[in-house]
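For the first sequence, the positions run 37 to 532 when our numbering is used.
Built from N, CA and C at the ideal position, the CB exists for glycine as well.
Notes follow once the structure below has been shown.
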Amino acid sequence: MSEHTSLSQDENQIVAERRQKLKAIREKGIAFPNDFKRSHFARELHAKYDGKEGLEAEQIEVAVAGRMMLKRVMGKASFATLQDGSGRIQAYIANDGVGSDSHDEFKRWDMGDIVAISGTLFITRTGELTIKASSIRLLVKSLRPLPEKFHGLTDQEQKYRQRYLDLIMNEYSRDVFAKRSQIVQGVRSYMVGEQYLEVETPMMHPIPGGATAKPFVTHHNALDMPLYLRIAPELYLKRLVVGGLERVFEINRSFRNEGMSTRHNPEFTMMEFYEAYADYHRMMEMTEGIIQSVARQATGGLHIQYQGKPVDLSRFERLTVVEAIKKYNPEYSDEQLHDRAWLKAEIVRLGGKPVVIDGIGGLQFSLFEECTETKLWNPTFIVDYPIEVSPLARASDSKPGITERFELFMVGRELANGYSELNDPEDQAARFMQQVQQKEAGDDEAMHYDADYVRALEFGLPPTGGCGIGIDRLVMLLTDSASIRDVVLFPQMRPE
RNA sequence: GGGUCGUUAGCUCAGCUGGUAGAGCAGCGGACUUUUAAUCCGUUGGUCGCAAGUUCAAAUCUUGCACGACCCA
Numbered sequence: 037m038s039e040h041t042s043l044s045q046d047e048n049q050i051v052a053e054r055r056q057k058l059k060a061i062r063e064k065g066i067a068f069p070n071d072f073k074r075s076h077f078a079r080e081l082h083a084k085y086d087g088k089e090g091l092e093a094e095q096i097e098v099a100v101a102g103r104m105m106l107k108r109v110m111g112k113a114s115f116a117t118l119q120d121g122s123g124r125i126q127a128y129i130a131n132d133g134v135g136s137d138s139h140d141e142f143k144r145w146d147m148g149d150i151v152a153i154s155g156t157l158f159i160t161r162t163g164e165l166t167i168k169a170s171s172i173r174l175l176v177k178s179l180r181p182l183p184e185k186f187h188g189l190t191d192q193e194q195k196y197r198q199r200y201l202d203l204i205m206n207e208y209s210r211d212v213f214a215k216r217s218q219i220v221q222g223v224r225s226y227m228v229g230e231q232y233l234e235v236e237t238p239m240m241h242p243i244p245g246g247a248t249a250k251p252f253v254t255h256h257n258a259l260d261m262p263l264y265l266r267i268a269p270e271l272y273l274k275r276l277v278v279g280g281l282e283r284v285f286e287i288n289r290s291f292r293n294e295g296m297s298t299r300h301n302p303e304f305t306m307m308e309f310y311e312a313y314a315d316y317h318r319m320m321e322m323t324e325g326i327i328q329s330v331a332r333q334a335t336g337g338l339h340i341q342y343q344g345k346p347v348d349l350s351r352f353e354r355l356t357v358v359e360a361i362k363k364y365n366p367e368y369s370d371e372q373l374h375d376r377a378w379l380k381a382e383i384v385r386l387g388g389k390p391v392v393i394d395g396i397g398g399l400q401f402s403l404f405e406e407c408t409e410t411k412l413w414n415p416t417f418i419v420d421y422p423i424e425v426s427p428l429a430r431a432s433d434s435k436p437g438i439t440e441r442f443e444l445f446m447v448g449r450e451l452a453n454g455y456s457e458l459n460d461p462e463d464q465a466a467r468f469m470q471q472v473q474q475k476e477a478g479d480d481e482a483m484h485y486d487a488d489y490v491r492a493l494e495f496g497l498p499p500t501g502g503c504g505i506g507i508d509r510l511v512m513l514l515t516d517s518a519s520i521r522d523v524v525l526f527p528q529m530r531p532e
């Protein structure tokens, strides 16, 4: 059975008719030519010639190509609207410009066809810059009809599954991904400006590490061993700092085998960066600087709107876990926040997970997650994280049980996480052991013991600060997108 | 995992207390040389998400399943 026959089962009349048209084109010559050279993008033409007087007399020759999005036939003359990578441009195709044979051919073209138009510029009586066609060519016959021209594509699922249709039909969507590119570029150039070196470390790890999360597992046939898609690049980047690359960053994917939501995609993009002879205060300054810099580039300022509410990026507040709880939940007393039994009961009352961790810091942190995290709208660094939940962070010299760690929250969610790195190899070994015990006790998100990483630390990791910034979430913030799926080109979906 | 809503033509959507499945766009045929969601006349196109049940009769009522959106965990 040929592919053609097997495909035809789900085809409707429109597709069948277009296949007939393609067949006729094949019989006449080359159906998919690739020798057309264009002279201009649509946007260039608008920028140069919109509203220009006496344009027609100048006889400016242009050649454009793009997808035909609109078509208006009026007997002996027609208009078509082409969309290229830069925008749209209108063409006027008439018997007295291209001849009646060509014009008749144009009438058989369909919306969605990719076409080339050559001619001269003029401005219509309604003031629109238009190409008066002297020759036209069909470059690609489109076999499937586009979504309805006015309402476009609105079905969320189809936008995600068939992103190409979303991009064809929705200028807003194109803008979001153009902005994503600008944001990543802005972050990159900021880092380079700070003398950081961009690196690429493995995405397939023999031992998953650098975060507490469930990994995806795969298998290497030649080595006959399991490999894990990385949950974070952290441990490799710090090995590079051991190696003397004193300022490194990586922007790329990590993978976590967890639930999906408007804020979680199984693969997501993070930037992690590490700087020798820096601590978590410096990392907070970097984080603030990066976000403010790209916000200015992407939105023009530091006062933005997210989902209808203002966000002030000009000031990043710093609060400890306990200070944050008290600020956003003034009903809690100091006494309560230092009472283990009360904390446990309150966490359960708020619907939190049953608490295993017994340390006061861990309990306060759990309460924070339940009652404060989603209330942090303007950028807020939360500092002083309990050691139990921070197995790679340097312990505070002055506060027992506390690490030199921060997380950045805004619009009710976490955007970044950083700390002064733990560079004491013996402490690190002990913390890995503790994680292994937690794993054996049934916590499948707990970390593995990474002997090579400890060995690297034994050679000496300079005092170092490190941080990870969620790029998808940053793009969501700066493009006012409600779902991570709106800023990831091909979000993970169930199979159709 | 729980709740709410949704799934009808290629696309956007109507379809009431159950009674022969509709519109606009797209397509096809026709008119039209400055239109722009072109317009006007005619017309093709459907396993009503899937499965079971109730009923003389189900797009419509019931149950289950699938997929999606939103909210919660």
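With respect to PRO251, PRO244 sits close: the two C-beta atoms are nearer than 8 Å. The Cβ atoms of VAL223 and ILE340 lie no closer than 8 Å to each other. Taken through DSSP and simplified to helix, strand or coil, PHE158 comes out as strand. By the Cβ criterion, the region 291-300 is not in contact with the region 411-419, since fewer than three pairs of Cβ atoms, one from each stretch, lie closer than 8 Å. Collapsing the DSSP output to three states places LEU182 in coil.
DSSP places SER114 inside the beta strand (DSSP E), whose first and last residues are 113-120.
Cα atoms of LEU157 and GLU193: separation of roughly 40 Å, rounded to the nearest angstrom.
DSSP, reduced to helix, strand and coil, places GLN470 within a helical segment of the structure shown. Residue pairing from DSSP leaves MET239 without any beta-bridge partner. Around MET319, the same chain offers GLY454, GLY501, CYS503 as residues with beta carbons nearer than 6 Å, after the five sequence neighbours per side are excluded.
A distance below 8 Å separates the beta carbons of ASP120 and VAL100. For ASN288, DSSP records a beta bridge to MET306. Judged by their CB atoms, PHE304 and SER290 are nearer to each other than the 8 Å cut-off. DSSP places GLU164 in the coil class of the three-state scheme, outside both helix and strand. For the beta strand (DSSP E) assignment, the uninterrupted runs of no fewer than 3 residues enclosed by the region 412-458 are, from N- to C-terminal side, 416-422, 438-446, 449-456. VAL524 carries a coil assignment under DSSP once its states are collapsed to helix, strand and coil. Beta-bridge annotation (DSSP): PRO346 is paired with GLN341. Counting only runs that start and end inside the region 207-232, the alpha helix (DSSP H) elements of at least 4 residues fall at 207-229.
The Cβ atoms of TYR342 and LEU525 do not sit closer than 8 Å to each other. Here DSSP, grouped into helix, strand and coil, assigns LYS107 to strand.
Take the alpha-carbon of LEU203 and the one of ASP146: they are about 19 Å apart. Secondary structure in the region 244-300: the alpha helix (DSSP H) runs of 4 residues or longer, each lying completely within the stretch, are 270-278 in chain order. The beta carbon of GLY90 sits closer than 8 Å to no other beta carbon from its chain once the five residues preceding and following it are set aside. When DSSP states are grouped into helix, strand and coil, ILE396 belongs to the helix group. Excluding five sequence positions before and after HIS82, the CB atoms of its chain that fall closer than 8 Å to its own CB belong to GLY123, ILE125, LEU165, given in chain order. Judged by DSSP secondary structure, THR335 falls within the alpha helix (DSSP H) whose first and last residues are 316-335. With contacts defined by Cβ atoms closer than 8 Å, GLU321 and ARG283 do not form a contacting pair. Per DSSP, the unbroken beta strand (DSSP E) holding GLU353 starts and ends at 353-356.
Collapsing the DSSP output to three states places ARG173 in a strand. Shown here, GLN56 sits in a helix according to DSSP, grouped into three states. Counting C-beta pairs with one atom in each stretch, the region 464-472 and the region 433-441 have fewer than three that are closer than 8 Å, which means they do not touch.
Our two residues, MET105 and TYR489, have alpha carbons roughly 56 Å apart in a direct line. Between the region 258-274 and the region 215-230 there are fewer than three C-beta pairs closer than 8 Å, too few to call the two in contact. Only buried fits SER456, as 16 or more other CB atoms lie within 10 angstroms of its CB. Annotation for PRO183: LEU189, LEU201, MET205 place their beta carbon closer than 7 Å to its own, counting only its chain and skipping 5 residues before and after. The C-alpha of THR335 is placed about 33 Å away from the C-alpha of ALA249.
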